[in-house]
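What follows is a set of notes on a single structure, which appears directly below.
In our numbering, the protein residues as written are 16 to 160.
Listed below in structure tokens is the structure:
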């Protein structure tokens, strides 16, 4: 690993992947925390005032899949694609949060954490330094040995 690819002593790919895990865990805990409320709403076929439909369930599945996918992609994609994938996914994720505004104080708390961590992902990807050709050669040779 090259030092220009590290922040806080952690390789940027690993940091981004870990941040996506953090976002995902916050999403999951927020949903579990609200589970009794959601079960009651789902029994009436409505959630946050919207009718529960197959389309709404698909959108929810996509929203959960983004951080799951980014955990993997952050570790395996090459620099340039990785950088843009994290920026685009982070912006999309933050934008989508505003499509489902929080309803109570604990929701605001979780949304604030999700927005802050997603913003950090975007900033980290945006400021990720381009690897030097020498660093790429050193990394490749160390991976071959």
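All C-beta atoms, glycine included, are put in the ideal place defined by N, C-alpha and C.
Report yes if the CB atom of residue 130 is closer than 8 Å to the CB atom of residue 102, and no otherwise.
-> In the chain shown, the residue the question calls residue 130 occupies position 115. In the chain shown, the residue the question calls residue 102 occupies position 87. Going by C-beta atoms, residue 130 is not nearer than 8 Å to residue 102.
Should residue 132 go down as buried or exposed, given a rule of 16 or more other Cβ atoms within 10 Å for buried?
-> Taking the chain shown and counting its residues from 1, the one referred to as residue 132 is at position 117. With 16 or more other Cβ atoms within 10 Å, it is buried.
Taking one C-beta from the stretch 114-128 and one from the stretch 84-98 each time, how about it: are there three or more such pairs within less than 8 Å?
-> Between the stretch 114-128 and the stretch 84-98, the count of C-beta pairs closer than 8 Å stays below three; the two stretches do not touch.
Near residue 31, which residues of its chain fall below 7 Å by C-beta distance, leaving aside the five closest residues on each side in sequence?
-> Taking the first residue of the chain shown as position 1, residue 31 is located at position 16. Sequence-distant partners of residue 31 (beyond 5 residues in either direction) whose C-beta falls short of 7 Å from its own C-beta, in its chain, are 89, 101, 136, 139 and 140.
Within 10 angstroms of the Cβ of residue 38, are there 16 or more other Cβ atoms? Answer buried if so, exposed if not.
-> Counting from 1 along the chain shown, the entry for residue 38 is found at position 23. A residue is called buried once 16 or more other Cβ atoms fall within 10 Å of its Cβ, and residue 38 is buried on that count.
Going by CA-CA distance only, name the one from 95, 116, 104 and 24 that's closest to residue 83.
-> If you number the chain shown from 1, residue 83 lands on position 68. Residue 83 has its Cα closest to that of 104, out of 95, 116, 104 and 24.
Helix, strand or coil: how does DSSP classify residue 28 here?
-> Working through the chain shown from its first residue, we reach residue 28 at position 13. Helix, per DSSP.
Helix, strand or coil for residue 140, going by three-state DSSP, please let me know.
-> If you number the chain shown from 1, residue 140 lands on position 125. Assigned with DSSP and collapsed to three states, residue 140 falls in helix.
To which residues of the same chain is residue 92 closer than 7 Å at the C-beta, ignoring the five residues directly before and after it?
-> As a working mapping, residue 92 is identified with position 77 in the chain shown. Same-chain partners within the cutoff: 100.
Span of the alpha helix (DSSP H), counted from its first residue to its last, around residue 108 | In the chain shown, counting from the first residue as 1, residue 108 sits at position 93. In the DSSP assignment, residue 108 falls within the alpha helix (DSSP H) that extends over 94-114.
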